[in-house]
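Q:
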Amino acid sequence: MSNPNGENLVDRWRSSTEVDPPPLPNRPISTRSGSLGPAISLGALGLVAAVVLGGGVILSMAGTPTSAPTITAPPVTLELLGPGQLVHDNGLDTAWYGLDVRFCNRSSGYFTYLPTNAALVFADGRRTGATNGHGRGPRTPGTPSWLSDIEGWMDKATLSPGECVSGWLAFYTVSSSEPVRLEWHGLTLDVAAAFGTAVSTPASAPSRQA
Amino acid sequence: MTDDAYDSRFRTAYLDDWKAVFRLALAWTNDWGEAEQIAQEAFARLWQRRATVDWTKPVLAWLLVVARRLCTDRFRRLRSHPVLVTSRVAPMVGRGEVEWLEVREAFSKLTPSERSGLVLVTVLGFSPAEAAGLLGTGDGAVRAAISRGRAKLRREVA
Chain A
1 MSNPNGENLV DRWRSSTEVD PPPLPNRPIS TRSGSLGPAI SLGALGLVAA VVLGGGVILS
61 MAGTPTSAPT ITAPPVTLEL LGPGQLVHDN GLDTAWYGLD VRFCNRSSGY FTYLPTNAAL
121 VFADGRRTGA TNGHGRGPRT PGTPSWLSDI EGWMDKATLS PGECVSGWLA FYTVSSSEPV
181 RLEWHGLTLD VAAAFGTAVS TPASAPSRQA
Chain B
211 MTDDAYDSRF RTAYLDDWKA VFRLALAWTN DWGEAEQIAQ EAFARLWQRR ATVDWTKPVL
271 AWLLVVARRL CTDRFRRLRS HPVLVTSRVA PMVGRGEVEW LEVREAFSKL TPSERSGLVL
331 VTVLGFSPAE AAGLLGTGDG AVRAAISRGR AKLRREVA
């Protein structure tokens with residue numbers, strides 16, 4: 001701090017920001033166990049999802065693995081692209097579950113996707129919200145990889161009709177028991193209105209959102 | 211252009227330009243985590259617009275303008291919609307960030323425009339005119355911002 005020009009502060013700023021970019025692709029840095037748990041076909045849950053959308057979509061992950069589960073409820077689909085992963089971070093001495101998902105707007109109106117609306121529920125009933133969005137925690141696998149088939153941005157995104165967003169959702173472990181389902185909570189009010197229309201009269205087109 | 215060709219150019223741009231984009235975002239926000247996110251978002255935009263970007267020219271200027279717009283958009287959004295942070299886990303802090311935290315307070319006395327002008331010119335090596343183009347302002351405004359920024363830093367070390 002002895003330089004009267006303050007240039008040493010600039011020099012220190014410069015040297016401290018001599019950092020390398022995060023690695024590409026943006027995928028889990030280490031995994032210890034593979035599966036979040038087996039998935040069941042959710043075809044039968046479509047109707048249930050349509051009914052509960054106002055309060056949250058439930059994507060069950062209990063049962064025997066078949067194919068990547070997709071839950072469809074007019075006018076959105078939420079798809080699990082692969083098995084979830086339990087990721088350990090030695091730097092933080094913690095672990096989180098990562099889920100590679102795709103969220104699609106199948107309606108004729110706009111839909112605002114918020115990753116913070118997701119919650120992971122464990123077998124003992126405990127639940128945790130997705131960490132990505134605006135937190136400053138680790139970004140792998142909490143953020144999407146543009147090298148995968150990303151079709152949008154996994155952070156908050158307003159999806160045009162027919163547009164999809166895909167990427168990782170990360171949930172810090174809050175229980176020693178296994179995760180059993182993903183819930184999609186807290187649809188924003190304006191979007192909930194569109195869903196309300198879709199739920200009550202599934203065949204009708206949802207209203208377009210600003 | 212094939213996807214492989216886009217991928218190759220994107221990777222080159224990422225390796226060559228990420229630090230500059232991050233530095234501009236850091237200068238504007240004075241927040242390491244936000245800057246990393248904005249840099250990542252800028253490159254995501256580049257990938258999404260790979261078919262329309264002019265790859266015959268360096269893409270750094272394009273990235274810096276995108277990053278600056280993302281910074282200003284984020285500031286506006288934060289002002290109008292306070293963010294709910296769901297994670298309670300302490301952020302991961304690297305060595306560079308620890309060193310940067312030691313000077314962050316001094317730089318917090320500068321405005322985003324002053325920090326950005328100073329970093330673009332003295333750290334990234336742009337001319338004041340080039341910096342003005344990137345920041346969407348005039349040459350004189352950038353020079354004045356840099357001068358004010360330097361004066362504030364001098365007071366910090368006095």
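Chains as they are written, first to last, in this note's numbering: chain A, 1 to 210; chain B, 211 to 368. The beta-carbon is built from N, C-alpha and C at its ideal position, and this holds for glycine as well. Bear in mind the structure is a predicted one, so any value in this text is a computation, not a measurement.
1) Return helix, strand or coil for Val-331/B, following the three-state DSSP convention.
2) Assign Glu-246/B to one of two classes, buried (16 or more other C-beta atoms within 10 Å of its C-beta) or exposed (fewer than that).
3) Within the chosen definition, does the segment 253 to 269 of chain B reach the segment 345 to 362 of chain B through at least 3 CB pairs nearer than 8 Å?
4) Is the segment 328 to 342 of chain B in contact with the segment 3 to 22 of chain A, if contact means three or more CB pairs nearer than 8 Å?
5) With a cut-off of 8 Å, does the C-beta of Thr-17/A fall near any C-beta of chain B?
6) For the alpha helix (DSSP H) containing Pro-338/B, list its first residue and its last residue.
7) When burial is assigned at 16 or more other CB atoms within 10 Å of the CB, is Glu-251/B buried or exposed?
8) To the nearest angstrom, how far is the alpha carbon of Trp-228/B from that of Val-352/B?
9) Check whether chain B comes within 8 Å of Pro-161/A, counting only Cβ atoms and requiring the distance to be less than that.
10) Hey, would you say Ala-235/B sits closer than 8 Å to Cys-281/B, going by beta carbons?
11) Buried or exposed for Gly-162/A, please, with buried defined as at least 16 other CB atoms from any protein chain shown within 10 angstroms of its CB.
12) Find out if the Cβ-Cβ distance for the pair Thr-17/A, Gly-243/B is shorter than 8 Å.
13) Under 7 Å between beta-carbons, which chain B residues line up against Pro-179/A? List them in chain order, please.
14) How is the alpha helix (DSSP H) around Leu-320/B delimited, first residue to last?
15) Pull the bridge partners of Val-165/A from the DSSP assignment, please.
A: The structure says:
1) Position 121 of the second sequence holds residue 331/B. DSSP, reduced to helix, strand and coil, places Val-331/B within a helical segment of the structure shown.
2) As a working mapping, residue 246/B is identified with position 36 in the second sequence. So Glu-246/B ends up on the buried side.
3) Contact between the segment 253 to 269 of chain B and the segment 345 to 362 of chain B is absent, because fewer than three Cβ pairs lie under 8 Å.
4) Touching, per the Cβ criterion.
5) Stepping through the first sequence from its first residue, residue 17/A is reached at position 17. Interface flag for Thr-17/A against chain B is set, since a Cβ pair is found closer than 8 Å.
6) The residue you call residue 338/B lines up with position 128 of the second sequence. 338 to 345 is the extent of the alpha helix (DSSP H) around Pro-338/B.
7) If you number the second sequence from 1, residue 251/B lands on position 41. Looking at its Cβ environment, which holds 16 or more other Cβ atoms inside 10 Å, Glu-251/B is buried.
8) The sequence position of residue 228/B within the second sequence is 18, counting from 1. The sequence position of residue 352/B within the second sequence is 142, counting from 1. Roughly 23 Å separates the two Cα atoms.
9) On the first sequence, residue 161/A is found 161 positions in, with the first residue counted as 1. Not an interface residue.
10) As a first step, residue 235/B is located in the second sequence; it is residue number 25 there, counting from the start. As a first step, residue 281/B is located in the second sequence; it is residue number 71 there, counting from the start. Yes, they are a contact pair.
11) Here the question's residue 162/A lines up with position 162 in the first sequence. So Gly-162/A counts as exposed.
12) Numbered from 1 along the first sequence, position 17 holds the residue referred to as residue 17/A. Numbered from 1 along the second sequence, position 33 holds the residue referred to as residue 243/B. The answer is no: Cβ separation not under 8 Å.
13) Counting from one through the first sequence, the residue named residue 179/A turns up at place 179. Correct list: empty, because the minimum Cβ distance to chain B is about 16 Å.
14) Position 110 of the second sequence, counted from the first residue, corresponds to residue 320/B. Counting along the chain, Leu-320/B falls outside any alpha helix (DSSP H), and DSSP gives it neither H nor E.
15) By 1-based counting over the first sequence, the position of residue 165/A is 165. Note: Val-165/A sits in a beta bridge opposite Phe-103/A.
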